[in-house]
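S.K.: In order, the protein sequence lines correspond to chains A and B.
Each number in our numbering corresponds to the 1-based position in the first sequence with 17 added.
Each number in our numbering corresponds to the 1-based position in the second sequence with 17 added.
Here a beta-carbon is modelled for each residue, glycine too, at the ideal position from N, C-alpha and C.
These numbers were taken from a predicted model, which means no experiment stands behind them.
Protein chains: 2
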Amino acid sequence: MSKVFPVTLTQQGAWLLDQTVLPGKVAYQTIKTPEAMADAIRTMVVRGAPAIGIAGAFGLVLSARLAVAENLSVESIVIKLREDAELLNATRPTAVNLSWALREMLAVVDELTRNSSPDISVILDQLTEKAEAILAEDIAANQTMGKLGAALMPKGAGILTHCNAGALATGGYGTALGVIRAAFEQDSTIHVYADETRPRLQGARLTTWELAEDGIPVTLVTDGMSGSLMKAGKVQAVITGADRIAANGDAANKIGTYNLALVAKAHNVPFYVAAPRSTLDLSTASGDEIPIEFREEEEVTTVNGERICAEGIGVYNPGFDVTPAELITGIITERGIVNGPEYQVGLGKLYN
Amino acid sequence: MSKVFPVTLTQQGAWLLDQTVLPGKVAYQTIKTPEAMADAIRTMVVRGAPAIGIAGAFGLVLSARLAVAENLSVESIVIKLREDAELLNATRPTAVNLSWALREMLAVVDELTRNSSPDISVILDQLTEKAEAILAEDIAANQTMGKLGAALMPKGAGILTHCNAGALATGGYGTALGVIRAAFEQDSTIHVYADETRPRLQGARLTTWELAEDGIPVTLVTDGMSGSLMKAGKVQAVITGADRIAANGDAANKIGTYNLALVAKAHNVPFYVAAPRSTLDLSTASGDEIPIEFREEEEVTTVNGERICAEGIGVYNPGFDVTPAELITGIITERGIVNGPEYQVGLGKLYN
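Put into structure tokens, the structure is as follows:
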């Protein structure tokens with residue numbers, strides 16, 4: 018089990034482990050309103066597809082708490098919850114877990130209010146229960162994926178990962194790093210290589226910290242070193258998370274993942290994606306339909322607030338890229354592993 | 018013509034444009050001893066394969082100046098020059114231009130002292146002339162490569178480059194950026210994409226600055242974005258420099274180049290290498306024999322002196338990787354373009 022929990026619901030509000038100041042500082046923010054939660058998601062105080070899904074669900078619990086405190090009518094609460102869901106959903110377009118979690122939450126309200134007008138405290142209780150269930154199920158899914166995925170890792174493997182798909186990106190165990198955690202429990206001779214993952218450096222800032230906290234050996238590399246590492250025979254498997262997996266198995270993930278998958282292919286190194294149900298978007302046929310978030314130029318032009326390039330230049334900063342299904346060896350889910358390159362049927366069977 | 022000259026010989030010493038503080042500061046260091054030159058090369062005040070070759074040659078001029086000032090015997094001067102050549106040569110193992118230039122300089126001394134004992138001022142004069150010739154020939158070679166390479170760039174092309182193979186990396190025009198300069202003179206609708214090139218960020222710090230100074234439009238990307246860029250159809254050619262090209266066409270260049278070549282191959286984007294004679298090492302059969310320099314961990318673990326990762330982790334930091342000949346569409350030299358994938362005969366014809 019990881020000791021890191023990025024999103025927790027308390028009586029005072031939602032606690033977020035501030036991922037913008039790690040690893041230098043371990044600090045928590047207490048979020049009390051859905052607006053503050055939207056800001057926290059947008060500025061990546063909380064990030065990682067499953068974690069922002071949970072954070073979004075908690076955002077609606079905060080919305081309901083405020084409504085109860087103001088003693089709003091059931092009708093007004095429903096309107097407010099829908100507005101806040103839209104606000105939260107608009108923060109980050111690529112990861113589908115956020116819209117999935119918000120839909121799950123609104124479905125609870127729909128169910129409660131369809132044929133009756135419940136007490137508003139009942140709405141709050143049920144939303145709280147649902148949000149806690151989303152968190153608990155995410156951790157359980159991660160642990161199941163960990164067990165399933167660990168069996169795919171060769172003895173003593175060098176395992177390369179990109180960005181942070183760890184406890185910090187989820188309810189508290191990790192998708193890709195969940196597999197690594199489970200593999201390490203069985204075989205302490207594995208070794209992790211972490212892509213630093215420019216521009217936001219989640220690999221350097223978050224993955225090395227999270228693994229070091231758990232005593233799992235990790236070596237940091239820049240994003241351009243994967244070919245050199247594989248040529249040197251140091252990598253036996255690549256594993257990443259995903260922000261959205263289309264019905265055909267194309268997977269959007271942090272920018273740089275597609276390059277890594279191409280490099281792995283060239284070296285015949287298996288490339289795995291670990292992701293729970295909430296990341297799967299069967300309504301999106303292929304990766305071409307996945308909306309890619311473009312983020313502000315400063316993420317590329319500055320590091321720690323200091324400019325690293327000339328003035329007056331252009332910047333291209335997509336937050337994500339799409340790895341086509343044919344580059345993915347297998348998708349590890351909590352219901353089983355689907356092997357590529359044909360994912361449509363396998364994913365459909367698990368989740369339809 | 019570029020307005021940037023990284024290495025200049027003056028009466029006061031060798032002037033180096035300090036590349037460790039660009040683009041924030043444009044400052045020069047005056048180097049007066051071969052020891053100081055070795056330090057400047059090691060710490061990358063001057064960097065880029067052709068530029069460190071020129072800097073090495075200037076280092077031996079400084080050595081000869083000191084010997085003349087001390088009125089050493091011819092015999093002592095020859096010993097001192099050989100020692101200083103070894104000192105300079107040991108600074109950076111991968112780029113072959115440095116050892117090439119030092120050999121060229123020592124050959125002048127050998128020639129002068131083989132059958133006679135010349136005045137020591139003659140040795141200094143001849144070494145100075147040779148070093149200035151190495152500089153002048155490098156600029157001329159760059160300009161020729163520029164013309165030849167520009168003809169390969171499609172009208173309105175998006176051209177992606179890695180690291181800095183520009184005026185800053187050479188005598189003053191550039192290998193890859195020389196081609197881009199020449200292409201831009203003929204077609205102002207081309208657009209350059211610059212990989213930031215972690216860990217030292219030469220693309221961000223140097224390439225964007227150098228191109229912006231010349232008014233050539235440039236967009237900065239992180240090293241993981243090349244696949245996304247190519248998928249979006251924004252790149253019609255990739256061009257890089259090289260630090261050493263083996264007889265079979267395998268090319269060592271800044272870490273991340275190999276990844277970029279794999280990504281270009283997957284998108285059928287041509288991948289060119291521009292390099293002068295001094296970069297070619299016909300005595301090295303293939304890339305497997307090229308020594309790769311590993312550099313200090315701090316290049317990866319810190320940016321602007323601030324730590325970006327957890328404590329107590331491993332770091333892998335090769336300064337270079339090798340792009341195999343089969344991924345290189347063509348090698349642009351000052352004597353002509355050699356097309357791949359079979360380079361052995363073509364390179365041999367040009368230079369044997």
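Name the residue from B/I140, B/A158, B/V355 and B/E316 whose alpha carbon lies nearest to the alpha carbon of B/T192.
M.R.: Answer by Cα proximity: B/A158.
S.K.: When you compare the CB positions of A/I272 and A/G336, do they come within less than 8 Å of one another, or not?
M.R.: For A/I272 and A/G336, yes; Cβs fall inside 8 Å.
S.K.: Just verifying my parser: in three-state terms, what is the DSSP assignment at B/L152?
M.R.: It is helical.
S.K.: Measuring straight from C-alpha to C-alpha, what distance separates A/Y190 and A/S19?
M.R.: Using only the alpha carbons, I get a separation of about 5 Å.
S.K.: Across which residues does DSSP place A/Y289 in a beta bridge pair?
M.R.: Its beta-bridge partners are A/I256 and A/G347.
S.K.: Helix, strand or coil for B/G365 per DSSP?
M.R.: B/G365: helix per DSSP, three-state reduction.
S.K.: With 8 Å set as the bound, which would you pick, yes or no: does the beta-carbon of B/E323 sit closer than that to a beta-carbon of chain A?
M.R.: True, the Cβ-Cβ gap to chain A drops below 8 Å.
S.K.: Using a 10 Å radius around the Cβ and a threshold of 16 neighbouring Cβ atoms, would you call A/A31 buried or exposed?
M.R.: Looking at its Cβ environment, which holds 16 or more other Cβ atoms inside 10 Å, A/A31 is buried.
S.K.: Who are B/I48's beta bridge partners in DSSP?
M.R.: Per DSSP, B/A31.
S.K.: Quickly, what does DSSP pair B/A163 with across the bridge? List them, please.
M.R.: Looking at the sequence shown, residue 163 of chain B is not Ala but Gly. Its beta-bridge partners do not exist; DSSP assigns none.
S.K.: Tell me whether B/F288 is buried or exposed, calling it buried when 16 or more other Cβ atoms sit within 10 Å of its Cβ.
M.R.: Burial call: buried.
S.K.: Under 9 Å, CB to CB, which of the residues in the region 228–261 of chain A have a partner in chain B?
M.R.: Answer in chain order: L228, A229, E230, P234, V235, T236, L237, V238, T239, D240, G241, M242, S243, G244, S245, L246, K248, A249 and K251.
S.K.: Between which two residues does the alpha helix (DSSP H) harbouring B/K97 extend?
M.R.: Per DSSP, B/K97 belongs to the alpha helix (DSSP H) from V91 to N106.
S.K.: Going by C-alpha distance, which of B/E52, B/V332 and B/A74 is nearest B/L104?
M.R.: Checking every option, the nearest Cα to that of B/L104 belongs to B/E52.
S.K.: A/I137 by DSSP, collapsed to three states: which one?
M.R.: DSSP places A/I137 in helix when its eight states are reduced to three.
S.K.: If you reduce the DSSP assignment to three classes, tell me which class A/P67 lands in.
M.R.: It is helical.
S.K.: Can you tell me the Cβ-Cβ gap for A/G357 and A/G266, rounded? I've got them flagged as a contact below 8 Å.
M.R.: Contact flag correct, Cβ pair sits at about 6 Å.
S.K.: How big is the Cα-Cα spacing for B/I233 and B/R198?
M.R.: Looking at the two C-alpha atoms, the distance is approximately 8 Å.
S.K.: Using the DSSP secondary-structure output, state which residues sit across from B/V126 in a beta bridge.
M.R.: None; B/V126 has no bridge partner.
S.K.: Nearest CA to the CA of A/G76: which residue from A/M61, A/E87, A/A66 and A/A55?
M.R.: Of A/M61, A/E87, A/A66 and A/A55, the residue nearest in Cα terms is A/A55.
S.K.: Tell me B/T206's beta-bridge partners as DSSP assigns them.
M.R.: In the DSSP output, where bridge partners are listed per residue, B/T206 has none listed.
S.K.: Please go through the same chain and pick out, in chain order, the residues whose beta-carbon is closer than 7 Å to the beta-carbon of B/L39, but skip the five residues on each side of it.
M.R.: These residues qualify, in order along the chain: R222, L223 and W226.
S.K.: Roughly how many whole angstroms lie between the Cα atoms of B/D212 and A/E306?
M.R.: Taking the straight line joining both Cα atoms gives about 27 Å.
S.K.: Taking A/T206 as the query, report the chain B residues whose CB atoms sit under 8 Å from its CB, ordered along the chain.
M.R.: Per Cβ cutoff of 8 Å: no residues; A/T206 is ~14 Å from chain B at best.
S.K.: Which term fits B/Y275, buried or exposed, when burial requires 16 or more other beta carbons within 10 angstroms of its beta carbon?
M.R.: Classification for B/Y275: buried.
S.K.: From the beta carbon of A/L185, is the nearest beta carbon of chain B less than 8 Å away?
M.R.: A/L185 does not count as touching chain B.
S.K.: Just verifying my parser: in three-state terms, what is the DSSP assignment at A/V196?
M.R.: In the structure shown, A/V196 sits in a helix (DSSP, three-state: H, G or I).
S.K.: So B/M122 packs on B/A148, CB below 8 Å; how close in whole Å?
M.R.: Contact holds; Cβ gap of about 7 Å.
S.K.: Taking its Cβ as the centre, do 16 or more other Cβ atoms sit within 10 Å of A/Q46, making it buried, or is it exposed?
M.R.: Buried, by the Cβ-count rule.
S.K.: Thinking C-alpha only, which one of B/L194, B/V125 and B/V280 is nearest B/V21?
M.R.: Ranking the options by Cα distance to B/V21, first place goes to B/L194.
S.K.: Anything in chain A within Cβ reach of B/N276, meaning under 9 Å, just list it in chain order.
M.R.: Those within 9 Å of B/N276 in chain A are D240, G241, M242, S243, G244, S245, N276, L277, L279 and V280.
S.K.: Could one say the Cβ of B/Y289 lies closer than 8 Å to chain A's Cβ atoms, at least one of them?
M.R.: With 8 Å as the cut-off, B/Y289 does not count as an interface residue toward chain A.
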